[in-house]
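Taking it in order: structure first as structure tokens, then the write-up.
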Amino acid sequence: MQSSKLYSRRALMAASFAPFVACSVPKSILVHEHILVDFAGAEVVSRSRYVQDEVVAAAKPKLEAIAKLGCVRLIECTPNYLGRDPKLLARLAESCGIEIWTNTGLYAANQYRHLPAYARTETALELAKRWTAEWRNGIEGTKPRFIKIGVNNGPLAELDRKMVEAAAITSLETGLTIASHTGRNAAPEQVEILQKLKLPLNKFVWVHAQNEKDHQVHAAVARAGAWVEFDGIGPRTLDWHKDCVEFMAKEGLLGRVLISQDTGWWHVGDPGGGQFNGYDFIYRNFLPQIPQKWWNQLLWENPRRAFGN
Ligand SMILES: [Zn+2]
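In this note's numbering, the protein residues as written are 4 to 312.
Here it is as structure tokens:
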């Protein structure tokens, strides 16, 4: 009886100390999160579908919580036509003291329902000109800091390949890194396309690499020089994500790994924005599961090498 009491008190202490242990990353960057997403489709999305003040009220405490844990930058991966809103992000960044980066590009995944009509008719070069113009002129006062695209499962259709080519042209012109939401079996094919277009592969991030269950593919893409991003870290996937990171470390490939949660967000169309998850799970629950000497590399050095300072 007594020993179990002791045990539970100790467990309680460990639990209450866990966040403080996790706090000791001096500065960190979350490379793949969302503040707001609207899955309604390119024809339907509109800022009139939500009230900015309500989104700010919901997002602000979540951002303040990670600012306290050392997060200085959140890379917001919501593409154009899925609710990208640089003014909302700028307002939150200002009030929470965290940089929030937005993106240029288009999302062909989810069977093209988030593509505007012009994406089907224009060439890769024409799309790249649009994206480069956004980088040059800014989007509503904010410069996009990376290129976000999305592709469906491999083998890639022509429209998917066009997104990758447009992203490569834009990256060569602007120096921005490409983060590609990647369907099943589509990472190696994207790598091939980029190699043909002579894009240095350190400008390519394989988003959602955790969906690939064969670690050898992770290793091959990393060895080719691209970034392998295990995002989606959460309570249900903790062990698998840990396994992915440990495998890469064992192979000497931790220098090509990014981690994040792909969480948040205000769900446009759901009452009250639906369930808005916080961004602190990675600090409180994931970091304590991996060696402390990896923390700075995974949440500070690698994000800066991948996306810039
Ligand atoms: Zn995402």
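Think of the CB as a built atom: it goes at the ideal place given N, C-alpha and C, for glycine as much as any other residue.
With 16 other Cβ atoms within 10 Å as the buried cut-off, status of residue i
i: K151; result: buried
i: E304; result: exposed
i: T266; result: buried
i: G235; result: buried
i: L128; result: exposed
i: Q264; result: buried
i: V167; result: buried
i: S11; result: At S11 the pLDDT is 40, less than 50, meaning the model places this residue with poor confidence; the figure from the coordinates comes in the next sentence. Burial call: exposed.
i: K71; result: exposed
i: R139; result: exposed
i: Y258; result: The sequence shown places Gly at residue 258, rather than the Tyr named in the question. Result: exposed.
i: K216; result: exposed
i: T107; result: buried
i: K165; result: buried
i: Y286; result: buried
i: D273; result: exposed
i: P238; result: exposed
i: S98; result: exposed
i: E161; result: exposed
i: N156; result: exposed
i: G144; result: exposed
i: A25; result: Residue confidence for A25 is low, a pLDDT of 49 falling below 50, so the modelled location carries little weight; the figure read from the coordinates is stated next. By the neighbour-count rule (16 or more Cβ atoms within 10 Å), A25 is buried.
i: C80; result: buried
i: P294; result: exposed
i: D163; result: buried
i: A169; result: buried
i: G275; result: exposed
i: W298; result: buried
Endpoints, the alpha helix (DSSP H) within which residue i is located
i: V224; result: H218 to A227
i: A179; result: It is Leu, not Ala, that sits at residue 179 in the sequence shown. Careful: L179 lies outside any alpha helix (DSSP H) and carries neither H nor E.
i: C80; result: Where C80 is concerned, there is no enclosing alpha helix (DSSP H), given that its DSSP letter is neither H nor E.
i: L91; result: P89 to C99
i: V243; result: Position check: residue 243 holds Trp in this sequence, whereas Val was assumed. Run containing W243: L241 to K253, per the alpha helix (DSSP H) assignment.
i: F310; result: N305 to F310
i: Q55; result: Q55 to K71
i: E143; result: Looking at the DSSP string, E143 is not in any alpha helix (DSSP H), and its letter there is neither H nor E.
i: R123; result: Y121 to T124
From the options, residue whose alpha carbon lies closest to that of residue i
i: N214; options: I69, P306, V231 and H117; result: V231
i: Q278; options: Y121, E137, E192 and K65; result: K65
i: A45; options: I78, L85, K201 and R226; result: L85
i: V271; options: D41, K30, G258 and I32; result: D41
i: I38; options: K30, A96 and L72; result: A96
i: V47; options: V28, L77 and L118; result: L118
i: A225; options: R239, V194, P238 and L241; result: V194
i: D242; options: R76, Q292, I196 and W268; result: Q292
i: V260; options: T240, W209, G281 and W269; result: W209
i: L202; options: G178, V220 and L159; result: G178
i: V220; options: V34, A136 and E192; result: E192
i: L159; options: L92, Y115 and W268; result: Y115
i: E57; options: A43, R94, K30 and N83; result: R94
Test: residue i CB closer than 8 Å to a CB of chain C
i: P89; result: No chain C appears in the structure shown, which is made up of a single protein chain.
Supposed contact pair residue j and residue i - C-beta distance, whole angstroms, cut 8 Å
i: L204; j: A227; result: 6 Å
i: L200; j: A171; result: 4 Å
i: F284; j: H244; result: Going by Cβ atoms, the distance from F284 to H244 rounds to 11 Å, so no, they are not a contact pair.
i: S174; j: K146; result: Actually they are not in contact, since the Cβ atoms of S174 and K146 sit about 15 Å apart, beyond 8 Å.
i: R76; j: I142; result: Actually they are not in contact, since the Cβ atoms of R76 and I142 sit about 18 Å apart, beyond 8 Å.
i: Y110; j: H184; result: 7 Å
i: A112; j: G153; result: 3 Å
i: T180; j: F149; result: 5 Å
Residue span of the beta strand (DSSP E) that contains residue i, given as start and end
i: V48; result: Premise fails: V48 is in no beta strand (DSSP E) and is neither H nor E.
i: F2; result: Outside the displayed span of the chain (4 to 312) sits residue 2, for which this structure offers no information.
i: H35; result: S31 to E36
i: F233; result: W230 to F233
i: W268; result: From DSSP, W268 is part of no beta strand (DSSP E); its letter is neither H nor E.
i: E102; result: E102 to W104
i: I196; result: Careful: I196 lies outside any beta strand (DSSP E), inside the alpha helix (DSSP H) at A190 to K199.
i: I262; result: V260 to I262
i: W209; result: F207 to V210
Inset, instruction - Examine the Cβ distances between the stretch 116-136 and the stretch 187-203 and report whether three or more of them are shorter than 8 Å. - result: no
Inset, instruction - Report yes or no: do the stretch 248-256 and the stretch 47-60 share at least 3 C-beta pairs separated by less than 8 Å? - result: no
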